[in-house]
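Notes for the one structure printed next.
Residue numbers (the UniProt record's numbering): 1 to 370.
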């Protein structure tokens with residue numbers, strides 16, 4: 001009798017162990033752990049699947065929305081709560097954003113709010129610019145949540161850091177095909193620009209200037225860039241390149257008269273400053289060839305809480321059409337803009353160009369006297 005009882009107990013124990021094994025096996029099948037290397041070179045372990053995400057710092061939310069829309073975002077920074085024309089991801093997902101809890105103030109010179117981040121219980125924190133390596137490690141230690149640092153590279157450009165960031169997001173969120181498709185689109189677009197423009201004779205390239213570029217605030221016609229990232233892939237003869245400096249430059253107006261470019265582009269977000277200046281100094285503008293020949297054009301502002309990659313590409317098509325009308329005769333910049341915004345944001349991107357056009361005037365010649 002005792003032997004039978006002992007056998008029965010062994011059977012029960014084995015059955016319990018089997019049940020625990022099956023439960024553990026099922027759980028392990030549903031969950032896995034990966035290790036990724038973020039843009040600071042940090043090795044970060046992440047449990048998958050990732051279902052809840054936050055993105056903090058300039059442009060982090062934008063990159064996540066490119067890859068995964070807003071399907072897993074569980075909180076946003078206060079800086080994104082207000083509907084902001086010119087910040088395309090904010091425009092596309094404004095109805096979702098307004099319903100989400102605030103996880104911190106946001107902005108380029110702020111610090112993360114660990115308590116508010118913890119309160120929404122994310123599986124991963126994506127971050128840009130706010131944290132160095134030590135800061136990222138400290139935030140991860142304090143929240144017990146993996147922190148993945150991303151980067152755009154240099155403001156307004158399409159560098160490897162951008163592509164690596166998209167790849168990392170794709171890997172973490174199991175959206176690698178989508179990330180690869182976006183990277184291919186950006187690179188193929190750049191390649192297409194190169195093929196159409198690289199071999200144009202220098203004598204057939206008009207001289208070009210871009211002004212009123214924002215830099216830590218709104219700026220007038222004197223604000224430009226050497227080796228402007230929207231010009232470089234198009235092999236445009238940028239008069240400001242002659243200074244030999246890359247990035248933001250503030251010139252004396254006399255310099256613009258000396259250069260006297262064939263074509264001038266202005267950032268439509270700061271057009272009001274150029275018009276104000278025109279009303280005070282009309283003779284200066286009337287002395288410019290581009291004014292006399294009605295060759296002043298507007299481009300959409302593309303830097304807003306970091307770079308709107310989508311809008312930058314739209315601007316490049318318009319710039320190409322203006323500067324090289326023959327080589328881009330098959331391109332309709334407005335159609336291209338709608339196509340690009342839809343690619344990056346799905347159906348929610350279809351009306352972004354219309355909203356931008358309503359706010360800024362869209363792709364058109366600029367009349368400073370209006």
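Every residue, glycine too, gets a C-beta built ideally from N, C-alpha and C.
Bear in mind the structure is a predicted one, so any value in this text is a computation, not a measurement.
{"Item": "Suppose the cutoff is 6 Å on Cβ atoms and the five residues either side in sequence are ignored; what does the same chain contact list for residue 55 look like?", "Value": "61, 64 and 126"}
{"Item": "Going along the chain, which residues of its own chain have a beta-carbon closer than 6 Å to the beta-carbon of residue 105, five neighbours each way excluded?", "Value": "78"}
{"Item": "For the candidate residues 68, 257, 57 and 170, whose alpha-carbon lies nearest to that of residue 117?", "Value": "57"}
{"Item": "For residue 374, count neighbouring Cβ atoms within 10 angstroms of its own Cβ and tell me buried if that reaches 16, exposed if not.", "Value": "Lying before the first or after the last residue shown, residue 374 is absent from the chain, which here runs from 1 to 370."}
{"Item": "Taking DSSP's pairing of strands, which residues face residue 35 in a bridge?", "Value": "45"}
{"Item": "In terms of residue numbering, what span does the alpha helix (DSSP H) encompassing residue 95 cover?", "Value": "94-97"}
{"Item": "Between the stretch 183-194 and the stretch 255-266, do at least 3 Cβ pairs fall closer than 8 Å?", "Value": "no"}
{"Item": "Closest to residue 38 by C-alpha separation, out of 142, 332 and 147, would be which residue?", "Value": "147"}
{"Item": "Just mark residue 19 as buried or exposed, buried being the case when its beta carbon has 16 or more other beta carbons within 10 Å.", "Value": "At residue 19 the pLDDT is 47, less than 50, meaning the model places this residue with poor confidence; the figure from the coordinates comes in the next sentence. Residue 19 is exposed by the Cβ-count criterion."}
{"Item": "In terms of residues, what are the limits of the beta strand (DSSP E) holding residue 211?", "Value": "207-211"}
{"Item": "How long is the line joining the alpha carbons of residue 363 and residue 299, rounded to whole angstroms?", "Value": "6 Å"}
{"Item": "Provide the residue(s) that pair with residue 351 in DSSP beta bridges, ordered along the chain.", "Value": "Paired residue(s): none; residue 351 is not in a bridge."}
{"Item": "For residue 203, is the classification buried or exposed, using 16 other Cβ atoms within 10 angstroms of its Cβ as the cut-off for buried?", "Value": "exposed"}
{"Item": "Does the distance from the CB of residue 239 to the CB of residue 207 come in under 8 Å?", "Value": "yes"}
{"Item": "Which same chain residues end up closer than 6 Å to residue 175 when comparing Cβ atoms and leaving out the 5 residues on each side of it in sequence?", "Value": "67 and 68"}
{"Item": "Nearest by alpha-carbon distance to residue 165: which of 94, 41, 294 and 193 is it?", "Value": "41"}
{"Item": "Please report the distance separating the alpha-carbon of residue 74 from that of residue 355.", "Value": "26 Å"}
{"Item": "Alpha helix (DSSP H) containing residue 192: first to last residue?", "Value": "176-197"}
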